[in-house]
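If you count the sequence shown from 1, position 166 lands on 635 in the working numbering, and the numbers rise without skipping.
Glycine included, every Cβ here is placed at the ideal spot set by N, Cα and C.
Notes for the one structure printed next.
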Amino acid sequence: MSHQNELVLVTGATGKQGGATARRLLADGVRVRALVRDPQTAAARELAGLGAELAVGDFDHPTTLAAAVAGVRGVFLVPPAAFGPDGWDAELEANRGIALIDAARTAGVEQLVFTGVAGFGTEIGWGNRGKRRIEEAAAESGLRYTLLRPVRFMENYLGLAALPLDGFRDGFHRHIFRADRPFQMIAVDDIAAVAALAFADPDRFHGRALDLAGDEHTPPAAAAIIGRAVGRPLGYRRLTEAEADALTASVGDTWRLAEAGQGWQADIEAIRAIHPGLQNLETWLATTGAAQLKAVLAP
């Protein structure tokens, strides 16, 4: 059954995953309502220009969510990141996601696609707790639901404002990963592609939890691949345990998980079977990544 004429609400629409998903759905001919806090931002105006309907709402003011979910068949849920100086605020993140699920259930929405994060060893790691509570609420909601669990974004090589790690500084990628063990990565556009598949075939994807990755390399090997693509030598430096602890407790905890050999374990070939266009690092660099990196890397 075609769902192209039915409306999908995309939250986080001016962010990475939400923006990519909104654009993918629009390209597929699906009607999109984009949840935004400020419709005058450049990202919001761009989505409107592509054909998205804008709905103004705020996860921290749940009463604004009722109008956003009214009349939609499906919801793509990615709550705003709840990360501050003290690390992840799991309670705030969970409350935001659950508020949207409650509003969707009340409005009679049929389908929910939630994107969280893949497990990194144990649940003490990288912001899992709040996301797992949202997953539980999705499973208990009565809606047809799909849980996407992406690993680290390839786009993180472009730099993150929230933390003094990732991206490249002085020719080096700095992170918490061991240099001698592969770590997994995913292009944001591929998260959007899998989400679009779930909206197109709700029955096939109902109840599924998919860890999403498109490639894996050791950090030095990944830096070398990127260096060749951008035409300059790039390397990798791992944060020390003390440096990781100095950032936040959750970063320090995840450093120790990585040191113990833990990491993401997505089945890349299983995801490729679902989405044959899945990008590896070289593909992402050739299509969009290298050009973006050249623009942000200092001369």
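My understanding is that LEU627 touches VAL720, with C-beta atoms under 8 Å, so please give their C-beta distance in whole angstroms.
Rounded, the Cβ-Cβ distance is 19 Å, inconsistent with contact.
Touch test, the stretch 709-727 against the stretch 673-691, Cβ-Cβ under 8 Å, three pairs minimum
no
Are the stretch 574-581 and the stretch 695-708 in contact at 8 Å, needing three or more beta carbon pairs?
no
Evaluate the contact criterion for the stretch 507-519 versus the stretch 540-551: three or more CB pairs, one atom per stretch, below 8 Å.
no
Considering just the uninterrupted stretch of the alpha helix (DSSP H) at ALA524, what are its terminal residues?
Counting along the chain, ALA524 falls outside any alpha helix (DSSP H), though it belongs to the beta strand (DSSP E) covering 522-525.
Spatial distance of PHE641 from TYR705 (CA atoms)
5 Å
Assign LYS600 to buried or exposed, taking buried as 16 or more other Cβ atoms, counted over all protein chains shown, within 10 Å of its Cβ.
buried
Would you check if the distance between the CB atom of ALA682 and the CB atom of ALA735 is smaller than 8 Å?
yes
Using a Cβ-Cβ cut-off of 6 Å (strictly less than) and excluding sequence neighbours within five positions of LEU762, which residues of its own chain qualify?
VAL699
So ALA503 packs on ALA482, CB below 8 Å; how close in whole Å?
4 Å
Within this structure, are the beta carbons of THR752 and HIS675 separated by less than 8 Å?
no
Cβ contact (3+ pairs, closer than 8 Å) linking the stretch 659-669 and the stretch 516-531
no
Helix, strand or coil for ARG707? Go by DSSP, reduced to three states.
strand
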